[in-house]
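Student:
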Amino acid sequence: MKYIMLVDSGTTNSRIRLINQSSSAVEGSVKVEAGVRNTAMSGSNEELKQAVKQGIEKLLKNNSIQKQDIQYILASGMITSNLGLHEVAHQKAPADSAKLAAAMEKRCLEEMFYIPCYFIPGLKSIEEIEGRPQVLDVMRGEETEAFGLLDVMQLSGDGILMLPGSHTKWIRADGRGELLWSSTSLSGELLKAVQSRTILSDSLPEGLITELDERALWKGFSAAETMGVNRALFQIRLQHLSGNTEENERANFLTGVIFHSDITALKEMNHQHGGWVLVGGSFPLKDAAASLIKRTLPEIEVIEASSEQVERGAWRGPLVIAEHKEELSK
34 MKYIMLVDSG TTNSRIRLIN QSSSAVEGSV KVEAGVRNTA MSGSNEELKQ
84 AVKQGIEKLL KNNSIQKQDI QYILASGMIT SNLGLHEVAH QKAPADSAKL
134 AAAMEKRCLE EMFYIPCYFI PGLKSIEEIE GRPQVLDVMR GEETEAFGLL
184 DVMQLSGDGI LMLPGSHTKW IRADGRGELL WSSTSLSGEL LKAVQSRTIL
234 SDSLPEGLIT ELDERALWKG FSAAETMGVN RALFQIRLQH LSGNTEENER
284 ANFLTGVIFH SDITALKEMN HQHGGWVLVG GSFPLKDAAA SLIKRTLPEI
334 EVIEASSEQV ERGAWRGPLV IAEHKEELSK
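First residue of the sequence shown? That's 34 in the numbering used here, and the numbers climb one at a time after it.
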């Protein structure tokens, strides 16, 4: 029996999955607490190398297989950046999965036991401004996730994927298999920064939302609408001092405040381009974003991917891209 491994590295963590080549089913998964942040902090990718190597070893051991049983590895996300294991240049959008497949780079690395590894490039959006090319946005990993979600959801027509996370991404899909452009905000990082690095830390739970509270979420969104983000944020402190709100309620309020700019941006994008909006990501940001979009923009067709669909999209994406690589499809 032969297998494919998928390695997806982000800022703080990496996920390694084992795929049965015959059934295309996930037969094992390991999460390692190392990403490109480790490289940025230490100035060396050695820690990431060791974490990936140990993760692969663990996955092989857990499934009682040998490295010879792995046909190849597909690597995506920040592992293909200058802070990862092998840098691959961004491809220019618009791009379909075949374009990314053609730009994959093959390496056999010691930390991957010299198993052939194909590194999938990210995408960048470029526009000519005053005769000079300007980079409008970049992504590594979200483009792979987008292709996977589109494959799982089987959507037709044009639309926008909204992927809330540490960095919220909007990705425009044209309905013909191409991703046209992307845009990014720091909403997830802002949530964490406000919770951990301001006076509001005393008023908010460490893990933020534990249960979606749509009333408090909308209240935060409305506060940002009427008084601006900065003043709306301080309302969290006042709510705490008043003694009539719970931590989870205040966490939902905070999320509503931070997401105000994201929903406003989405409204303008949809006004210009139209089509459906597919919300991916994970709880609680996926659920919070979908709730706010449905209430704020009722004219838009909002499609909320389930947790199972999001997970399936995460590992389907690299496989969808690899299908276009002739040497891997034999």
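Heads up, the beta-carbon is just placed ideally off N, CA and C, and yes, glycines get one too.
#1: Return the chain-ordered list of same chain residues with a C-beta closer than 6 Å to the C-beta of N78, the five sequence neighbours on each side being excluded.
#2: Beta carbon of L176, beta carbon of L212: below 7 Å?
#3: Relative to the C-alpha of R140, which residue among L107, D170 and I162 is closest?
#4: Which residues does DSSP pair with I49 in a beta bridge?
#5: What's the C-alpha gap between G76 and Q272?
#6: Leaving out five residues on either side along the sequence, give the residues of the same chain with a beta carbon under 7 Å from the beta carbon of I354.
#7: Just to confirm the assignment, what range does the alpha helix (DSSP H) spanning L92 have?
#8: Determine whether the beta carbon atoms of S199 and G174 lie at a separation below 7 Å.
#9: Can you tell me whether DSSP reads E163 as helix, strand or coil?
#10: Quick check: I49 and G110, are their CB atoms within less than 7 Å of each other?
#11: If contacts are defined as beta-carbon pairs under 8 Å, then H293 and V262 qualify, I think. What distance do you get, rounded to the angstrom?
#12: Since I98 and Y36 are thought to touch, with beta carbons under 8 Å apart, how far apart are those beta carbons, to the nearest angstrom?
#13: Once DSSP output is grouped into helix, strand and coil, what is the label at S216?
#14: Please name the residue, chosen from S339, T288, I193 and D41, that lies closest to K252 on a Cα-to-Cα basis.
#15: Within the same chain, show all residues whose beta-carbon is closer than 8 Å to that of I326, passing over the 5 residues directly before and after it, in chain order.
#16: Apart from the five residues on each side of it in sequence, which residues of its chain come closer than 6 Å, Cβ to Cβ, to T201?
#17: Compute the distance between the beta-carbons of R345 and V185, then report whether it is under 7 Å.
#18: Drop a sphere of 10 angstroms on the beta-carbon of P166, count the other beta-carbons inside from all chains shown, and report buried for 16 or more, exposed for fewer.
#19: Could you check the C-alpha separation between A206 and G192 for me, to the nearest Å?
#20: Count the other C-beta atoms from every protein chain shown that fall within 10 angstroms of the C-beta of L92, then say buried if there are 16 or more, exposed otherwise.
#21: What residues are listed by DSSP as bridge partners for G192?
#22: Report yes if the C-beta distance between S158 and D170 is below 7 Å; otherwise report no.
Tutor: Per the coordinate set shown:
#1: T72
#2: Checking the sequence shown, residue 176 turns out to be Glu, not Leu. Yes.
#3: L107
#4: V40 and V63
#5: 42 Å
#6: S130, L133, A134, I153, T177 and F180
#7: E79 to N95
#8: no
#9: coil
#10: no
#11: 7 Å
#12: 7 Å
#13: strand
#14: T288
#15: M195, I296, L299, V310, V312, I333 and V335
#16: S218, S220 and D295
#17: yes
#18: exposed
#19: 5 Å
#20: buried
#21: A206 and W309
#22: yes
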